[in-house]
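S.K.: Protein chains in written order, with this note's numbering: chain D, 1 to 466; chain L, 467 to 543; chain Y, 544 to 805.
One structure is given below, represented as structure tokens, and several questions about it will come after.
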Amino acid sequence: MEMKNLEIREEINQILEIVESCDQEIRNKLDDILVEEIYINASKIVQRAVRKKSNGIYQLELKLDQLLTSKYFGFPLMLLLLAGIFFITIKGANYPSKLLAFGFFWLEEQLKLLFNYLSAPWWVTGFLVDGVYRSLAWVVSVMFPPMAIFFPIFTMLEDAGYLPRVAFNLDKLFKWAGAHGKQALTMGMGFGCNAAGVVSTRIIDSPRERLIAILTNNFVPCNGRWPLIIMLATVFVAASFPASISSFVAAGTVVGVTLFGIAITLLVSKLLSKTLLKGEPSAFKLELPPYRKPQILKILYTSFIDRTLPVLKRAILMAAPAGGLIWLMGNIFVSGKSLMNYGVEFLNPIGKAIGLDGAILLAYIIAIPANEIIIPTIIMIYSNQSKMVELEISQLKELFIQNEWTVLTAISLMLFSLLHYPCSTTTLTIYKETKSVKWTIVSNLLPLAIAFIICFLVFRIGLLIS
Amino acid sequence: MTKKLSELKKGEKAVIVNVNLNGLTRRRLYDLGFIPGTIIQVAFESPLGDPVAYFIKDTLIALRRNESENIDVELIN
Amino acid sequence: MFWKKLKSKTENFVQVEIIPSRKNKIVALAGNPNTGKSTIFNRLTGLKQHTGNWPGKTVTRAEGEFEINDEVYTLIDLPGTYSLLSTSEDEEIARDFVLFGNPDTTVIVCDASVLERNLNLAFQIMQITNRCILCINLIDEAKRKGIEIDKDVIEKELGIPVVLTNARSGEGIESLKEKIFLVSNRILKPNPRKIEHKKEIKDKLNQLIPLIDKAFPGLYSTEWIALRLLQGDEKIRKAIENGNLLELINKGLFNGNEEFRN
Chain D
1 MEMKNLEIRE
11 EINQILEIVE
21 SCDQEIRNKL
31 DDILVEEIYI
41 NASKIVQRAV
51 RKKSNGIYQL
61 ELKLDQLLTS
71 KYFGFPLMLL
81 LLAGIFFITI
91 KGANYPSKLL
101 AFGFFWLEEQ
111 LKLLFNYLSA
121 PWWVTGFLVD
131 GVYRSLAWVV
141 SVMFPPMAIF
151 FPIFTMLEDA
161 GYLPRVAFNL
171 DKLFKWAGAH
181 GKQALTMGMG
191 FGCNAAGVVS
201 TRIIDSPRER
211 LIAILTNNFV
221 PCNGRWPLII
231 MLATVFVAAS
241 FPASISSFVA
251 AGTVVGVTLF
261 GIAITLLVSK
271 LLSKTLLKGE
281 PSAFKLELPP
291 YRKPQILKIL
301 YTSFIDRTLP
311 VLKRAILMAA
321 PAGGLIWLMG
331 NIFVSGKSLM
341 NYGVEFLNPI
351 GKAIGLDGAI
361 LLAYIIAIPA
371 NEIIIPTIIM
381 IYSNQSKMVE
391 LEISQLKELF
401 IQNEWTVLTA
411 ISLMLFSLLH
421 YPCSTTTLTI
431 YKETKSVKWT
441 IVSNLLPLAI
451 AFIICFLVFR
461 IGLLIS
Chain L
467 MTKKLSELKK
477 GEKAVIVNVN
487 LNGLTRRRLY
497 DLGFIPGTII
507 QVAFESPLGD
517 PVAYFIKDTL
527 IALRRNESEN
537 IDVELIN
Chain Y
544 MFWKKLKSKT
554 ENFVQVEIIP
564 SRKNKIVALA
574 GNPNTGKSTI
584 FNRLTGLKQH
594 TGNWPGKTVT
604 RAEGEFEIND
614 EVYTLIDLPG
624 TYSLLSTSED
634 EEIARDFVLF
644 GNPDTTVIVC
654 DASVLERNLN
664 LAFQIMQITN
674 RCILCINLID
684 EAKRKGIEID
694 KDVIEKELGI
704 PVVLTNARSG
714 EGIESLKEKI
724 FLVSNRILKP
734 NPRKIEHKKE
744 IKDKLNQLIP
754 LIDKAFPGLY
764 STEWIALRLL
774 QGDEKIRKAI
784 ENGNLLELIN
794 KGLFNGNEEF
804 RN
């Protein structure tokens, strides 16, 4: 190795000398001249080879652009669109969810009969049916319908070219926060999956702004968290309104939570660029691509194959062992108390302080691998302590109320779900992208601290009001 | 008359005269076609006034004021 | 079958080594964002990879396989970039692959409606590799806008094969495959138009290239390395100074996110 280095040392020195001897002025302009020459060539070729009849088509697109980015309609249209997506998702998912839950419950009965017929020991039936099967059934019936609706709609907006316009509209806010406007695009990706959102931050050139985007991507609810937020908005917040407008209230609540997440993203970005990640916003250049008609059939297929199924598959893989674990924790007794009770009692004071309880926090610990199974886990913890309920959304509320939930609990839980910490897949992705243990830890502790502070404040203020 | 790109009004057309930026920003702008001699037109601005979208070489490119202030242009009619 | 497909999808998400195994012929797919590059990828490989309509959608490199005349080719979908001269992570992945991955063919995908600006990347790629094809995509959209393109003129001007495609309908894909076959098997030898450098630069390059080749034998794209040195690229200068240029290139020259480490 040393010898080889010596051998080429002379060449290396010669190379460096030649480089140094080159006129500095020419060296500085090297790339400029190259690109200028390229454009001169390109322009000549295009003049010779391309014939353009008119520029008329763009006028229509320009009208659309001017509307979607206008001073008065730009933001309202964005909100309306967001609310519309949630509304369709909530409304559309309702019936298939019920149907699936009904089917799964029926199947559970049959499974139990089968296990009885085979005279399986009680703990086998309990572990497999009450633990593993039930959590699987829950995840599928709660998550599948909203995802199958949400993803295609979102993908259509993406394909149509609307998302860059969103980044364009919101850029000034990100500039205020010392971040990059393209962060809005990575957040859009995060709506689907935060891990994908973190990877997509590669479109941001400045390492500082990219890191900000990575650390804050967690504050946009990913699809593993939508079902929880949508369900609580429907069951707790909207339920006290007349049926005719309850869907709108539910959609409005989900939009509110989302906007809150965006506000937190901006505030935390600002905070980071004033403290840990000091710096000036870098240059912003964004292409606004032409609008293109989305390929509906292809979207239905690809969003199902690329998004819905992998996410569902991951949820199922996570839910099955977690369901078993929860059942075991509920059925292993040490000096007369189940392991689960120990956990719940230990966490209860911490949970109560921020408007939640021990069961919810325990669920968040068990569900670190996947946010999707929070609700099923909470239900299993509760139902292990009281009587089992059917797998139907309307009866859920009763179970929650039995466990002293109020609207305030639901709001705290929605906020905790929005803020807490990235799931383990996302955390791993953050490590891969940053290759830094320090920033990976920050990416977890920062949201957790914010979640505790905000839930605490909201809970206290809520108590004062009510 | 030489103006800054940021001073152009909606719909106005101009020729780029000079890009007074260095480093990566200059590189990027060059790659996007912001080169002396190129025709540029103001297309529309964002709801909050910044950034602004420009029509350049058949494409819409949005720039923040920080950049457009540093690009000199010559107005054409 | 179904689950297998899912598995291959998740594997696509992982960043692969800079130089894949050379079992098959390698075809790289480069192009600006929003040129329908991923649709071309899907058309060739049949893999239903999702494509999006905003810059930077393909943030990791996707890989797929396809066959021409019973021979298997590996297709690498590079991230959409405007240029090889700037240095965002996306662009470095694309650039390093074209430079050091030594693909048998590089297909440069362009949007027919904005050909002029897309040619910037095409020329930059033509500077560093001869084996390339220009694929002018979205011709139906261009037609609707009243844009007509004379393929033969472009072919003659650029010196590389040109294919007009509409990937959404599949139009032109067969002829693209044919051109890939011809170029990959060295039956067709493109002779791309290169941008001439100033005399002083040319003189320096003539001095530098043999020296670099001697010090670092087996390097592809020596001219590009020499140009970067002249332009003042710090990473390359350090690599030359320390004598570890080849090792760094084999590891993926710029793969580390040093900025984040501390």
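C-beta atoms are modelled at their ideal positions from N, C-alpha and C, and glycine is treated no differently.
Given a limit of 8 Å on CB to CB distance, which residues of the stretch 529–542 of chain L reach chain D?
M.R.: For chain D, the residues of the stretch 529–542 of chain L that bring a beta carbon within less than 8 Å of one of its beta carbons are Leu529, Arg530, Asn532, Glu533, in chain order.
S.K.: Which chain D residues sit within Cβ distance under 9 Å of leucine 490 of chain L?
M.R.: Result: Asp205, Ser206, Ser282, Ala283.
S.K.: So with CB distances below 8 Å, who are the chain L contacts of asparagine 169 of chain D?
M.R.: Ser512, Pro513, Leu514
S.K.: Using the rule of at least 16 other Cβ atoms within 10 Å of the residue's Cβ for burial, across every protein chain shown, is methionine 187 of chain D buried or exposed?
M.R.: buried
S.K.: Just list the alpha helix (DSSP H) runs in the stretch 22–93 of chain D, keeping only unbroken ones of 4 residues or longer that don't cross its boundaries, in chain order.
M.R.: 24–28, 30–49, 56–68
S.K.: Using beta carbons (cut-off 8 Å, strictly below), is glycine 499 of chain L in contact with chain Y?
M.R.: yes
S.K.: Note the first and the last residue of the continuous alpha helix (DSSP H) segment covering glutamate 784 of chain Y.
M.R.: 777–784
S.K.: Leaving out five residues before and five after phenylalanine 797 of chain Y in sequence, what residues of the same chain have Cβ atoms less than 6 Å from its Cβ?
M.R.: Unreliable positioning characterises phenylalanine 797 of chain Y in this predicted model, as indicated by a pLDDT of 48, which lies under 50. The coordinate reading is nonetheless provided below. Cβ within range, chain order: Glu635.
S.K.: Return no unless some Cβ of chain D is closer than 8 Å to the Cβ of arginine 885 of chain Y.
M.R.: No information on residue 885 of chain Y is available, as it lies outside the stretch 544 to 805 that chain Y covers here.
S.K.: Tell me whether valine 650 of chain Y is buried or exposed, calling it buried when 16 or more other Cβ atoms sit within 10 Å of its Cβ.
M.R.: Buried.
S.K.: Buried or exposed: which applies to glycine 503 of chain L, given that a residue is buried once 16 or more other Cβ atoms fall within 10 Å of its Cβ?
M.R.: Exposed.
S.K.: Can you have a look at leucine 463 of chain D and say buried or exposed, based on whether 16 or more other CB atoms are within 10 angstroms of its CB?
M.R.: exposed
S.K.: Mind the definition here: the stretch 680–687 of chain Y touches the stretch 768–780 of chain Y only if three or more C-beta pairs lie below 8 Å; say whether that holds.
M.R.: no
S.K.: Would you mind listing the alpha helix (DSSP H) stretches within the stretch 380–462 of chain D that are 4+ residues and don't spill past its ends, in chain order?
M.R.: 393–402, 407–419, 424–434
S.K.: From methionine 1 of chain D to phenylalanine 643 of chain Y, what does the alpha carbon distance come to, in whole angstroms?
M.R.: Confidence is the limiting factor: at methionine 1 of chain D the pLDDT is only 45, short of 50, which leaves the residue's position unreliable and the question unanswerable from this model.
S.K.: For serine 383 of chain D and leucine 339 of chain D, what's the separation of their Cα atoms in angstroms?
M.R.: 15 Å
S.K.: Would you list the residues sitting across from phenylalanine 609 of chain Y in a DSSP beta bridge?
M.R.: Y:Tyr616
S.K.: Relative to the C-alpha of leucine 312 of chain D, which residue among D:His420, D:Tyr72, D:Pro227 is closest?
M.R.: D:Pro227
S.K.: Is it right to say tryptophan 439 of chain D is buried, meaning 16 or more other beta carbons lie within 10 angstroms of its own, or is it exposed?
M.R.: Classification of tryptophan 439 of chain D: buried, given that the 10 Å Cβ count is 16 or more.
S.K.: Between the C-alpha atoms of alanine 528 of chain L and glutamate 109 of chain D, what's the straight-line distance to the nearest angstrom?
M.R.: 60 Å
S.K.: Tell me the rounded alpha-carbon separation between leucine 707 of chain Y and glycine 715 of chain Y.
M.R.: 6 Å
S.K.: Could you confirm whether any beta carbon from chain Y is found closer than 8 Å to the beta carbon of serine 97 of chain D?
M.R.: no
S.K.: What is the DSSP secondary structure of threonine 520 of chain D, counted as helix, strand or coil?
M.R.: A question about residue 520 of chain D goes unanswered here, because the residues of chain D that appear run from 1 up to 466.
S.K.: Consider the Cβ of arginine 780 of chain Y: report whether some Cβ of chain L lies at a distance smaller than 8 Å.
M.R.: By this cut-off, arginine 780 of chain Y is not an interface position.
S.K.: Near leucine 277 of chain D, which residues of its chain fall below 7 Å by C-beta distance, leaving aside the five closest residues on each side in sequence?
M.R.: Arg208, Leu211, Ile212
S.K.: From the DSSP output, which residues share a beta bridge with glutamate 714 of chain Y?
M.R.: In the DSSP assignment, glutamate 714 of chain Y forms a beta bridge with Y:Asn709.
S.K.: Helix, strand or coil for lysine 745 of chain Y, going by three-state DSSP, please let me know.
M.R.: helix
S.K.: For a test of the three-state rule: what should DSSP assign to threonine 201 of chain D, helix, strand or coil?
M.R.: helix
S.K.: Under a CB-based cut-off of 8 Å, is valine 481 of chain L close to chain D?
M.R.: no
S.K.: In three-state terms, what does DSSP make of phenylalanine 333 of chain D?
M.R.: Note: phenylalanine 333 of chain D maps to strand in three-state DSSP.
S.K.: By how many angstroms is the C-alpha of isoleucine 783 of chain Y removed from the C-alpha of threonine 594 of chain Y?
M.R.: Note on threonine 594 of chain Y: pLDDT 45, under 50, position unreliable in the model; no value is reported.
S.K.: In chain order, what residues of the stretch 284–311 of chain D put their CB closer than 7 Å to some CB of chain L?
M.R.: Phe284, Lys285, Leu286, Glu287, Leu288
S.K.: Spell out whether any CB of chain Y is found under 8 Å from the CB atom of leucine 362 of chain D.
M.R.: Among the residues facing chain Y, leucine 362 of chain D is not included, as its CB has no counterpart in that chain under 8 Å away.
S.K.: Determine the closest residue to leucine 136 of chain D out of D:Ile204, D:Leu457, D:Ser436, D:Pro321, with distance taken between C-alpha atoms.
M.R.: Residue D:Pro321 is the option with its Cα nearest to leucine 136 of chain D.
S.K.: Between which residues of its own chain and leucine 286 of chain D is the CB-CB distance below 7 Å, once the five residues before and five after are set aside?
M.R.: By the criterion of a C-beta distance shorter than 7 Å, leucine 286 of chain D is surrounded in its chain by Pro164, Ala167, Phe168, Gly181, Lys182, once the five residues flanking it on both sides are discounted.
S.K.: Can threonine 491 of chain L and aspartate 538 of chain L be called in contact, C-beta distance under 8 Å?
M.R.: no
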